[in-house]
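For what it's worth, the working numbering labels the leading residue of the first sequence as 5, then goes sequentially. A virtual CB, placed ideally from N, CA and C, is assigned to each residue, including glycine. What you are looking at is a predicted structure, and each value in this text was computed from that prediction instead of being measured. In what follows, a single structure is set out as structure tokens and then discussed.
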Amino acid sequence: MNKEELSEKLNDFFQVIFEKELIDEILEVGTYKMVKENELLIDIDEKFDKIPLLLTGAIKISREDKNGDEIVLYFLERGDTCTVSFGNGLGLTKSKIRGVAEKDSELILLPISKLDEWMVKYESWRTFVIDSYNIRINEMFEAIDTLAFMNMEDRIFKYLRDKVKILRDPMLSTTHQEIATDLHTSRVVVSRLLKHLENEGKIRLYRNRIEVLDY
DNA sequence: ACATTAAGTGATT
DNA sequence: AATCACTTAATGT
Numbered sequence: 005m006n007k008e009e010l011s012e013k014l015n016d017f018f019q020v021i022f023e024k025e026l027i028d029e030i031l032e033v034g035t036y037k038m039v040k041e042n043e044l045l046i047d048i049d050e051k052f053d054k055i056p057l058l059l060t061g062a063i064k065i066s067r068e069d070k071n072g073d074e075i076v077l078y079f080l081e082r083g084d085t086c087t088v089s090f091g092n093g094l095g096l097t098k099s100k101i102r103g104v105a106e107k108d109s110e111l112i113l114l115p116i117s118k119l120d121e122w123m124v125k126y127e128s129w130r131t132f133v134i135d136s137y138n139i140r141i142n143e144m145f146e147a148i149d150t151l152a153f154m155n156m157e158d159r160i161f162k163y164l165r166d167k168v169k170i171l172r173d174p175m176l177s178t179t180h181q182e183i184a185t186d187l188h189t190s191r192v193v194v195s196r197l198l199k200h201l202e203n204e205g206k207i208r209l210y211r212n213r214i215e216v217l218d219y
């Protein structure tokens with residue numbers, strides 16, 4: 005991808021936020037990266053010394069315990085960044101989350117050293133970082149609430165609606181098993197509750213596909 | 001036609 | 001809500 009295309013993409017999603025000088029700097033020091041659906045971007049305990057800016061696509065963020073049991077926390081969308089990677093000035097601590105591309109995605113990787121530099125230099129960058137933190141922490145609260153207070157059927161339905169919103173398509177390509185893994189439950193439970201949601205007219209079930217009608 | 005994988009279901013805890 | 005045990009349906013070779 006050449007500079008012009010990259011510049012165009014950056015402007016598409018960050019123009020309103022970043023001033024021209026900052027965009028120029030991003031173009032200068034950033035590297036473009038394309039990831040395919042289901043590609044692992046960052047795994048738990050890996051070091052990530054770059055700041056990712058998501059241009060297009062979506063990234064699924066999950067946690068895992070020592071037994072390998074996994075649970076999805078939230079999704080990153082275009083224009084988002086991973087605030088977890090801001091955590092430490094030098095990017096030396098290990099990642100506590102896993103990021104997998106939910107669909108083909110494009111991102112720009114920035115050297116973490118620029119974080120401090122731009123914080124003093126650009127008002128828009130400061131705002132962007134603080135906003136990102138806010139958005140992320142609110143997503144986290146939402147994830148906690150969902151886990152703590154919602155029953156499995158509501159969690160499944162919320163999960164489906166979130167996916168529709170993020171992928172911008174009410175026809176989801178997924179299996180009951182994948183949902184079970186993401187929500188950390190069993191496939192049998194997912195199948196039952198999905199059937200119930202279908203009977204309520206909220207979704208329609210097919211093999212390897214789920215159509216969300218009420219979103 | 002057969003094997004494999006996804007999905008549906010009753011019964012039990 | 002989880003698990004078992006089994007059935008049925010769809011898809012690949």
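query                                                                                                                                                                                         : result
If you reduce the DSSP assignment to three classes, tell me which class Glu12 lands in.                                                                                                       : helix
I'd like to check one pair, Ile46 with Arg82: are the Cβ atoms closer than 8 Å?                                                                                                               : no
Alpha carbon to alpha carbon, how far is Glu146 from Thr87? Give it in angstroms, no decimals.                                                                                                : 16 Å
Comparing alpha-carbon positions, which option in Asp84, Tyr163, Ser195 lies nearest Asp135?                                                                                                  : Asp84
Would you kindly work out how many angstroms separate the C-alpha atoms of Met144 and Pro115, rounded to a whole number?                                                                      : 25 Å
Taking only runs that begin and end inside the stretch 96 to 151, name each unbroken alpha helix (DSSP H) of 4 or more residues, in chain order.                                              : 118 to 125
On the DSSP letters alone, give me the boundaries of the beta strand (DSSP E) that Phe79 sits inside.                                                                                         : 74 to 80
Could you compute how far the alpha carbon of Thr35 sits from the alpha carbon of Leu111?                                                                                                     : 8 Å
Determine the DSSP secondary structure at Thr189, reduced to helix, strand or coil.                                                                                                           : coil
Counting Cβ pairs, one atom from each stretch, are 3 or more of them under 8 Å apart for the stretch 113 to 133 and the stretch 24 to 44?                                                     : yes
Would you report the Cα separation of Asn71 and Thr60, rounded to the nearest angstrom?                                                                                                       : 33 Å
What is the rounded straight-line gap between the Cα of Leu151 and the Cα of Tyr163?                                                                                                          : 12 Å
Look at Ile139 and Ile160 and say whether their C-beta atoms are less than 8 Å apart.                                                                                                         : no
From the DSSP output, read off the bridge partner residues of Met175.                                                                                                                         : Glu215
Consult DSSP for Lys40 and reduce its assignment to one of helix, strand or coil.                                                                                                             : coil
What residue does the beta strand (DSSP E) around Glu68 start on, and which one ends it?                                                                                                      : 63 to 68
Starting from the C-beta of Glu50, find all residues in its chain whose C-beta is less than 8 Å away, skip the five residues before and the five after it, and write them out in chain order. : Lys98, Ser99
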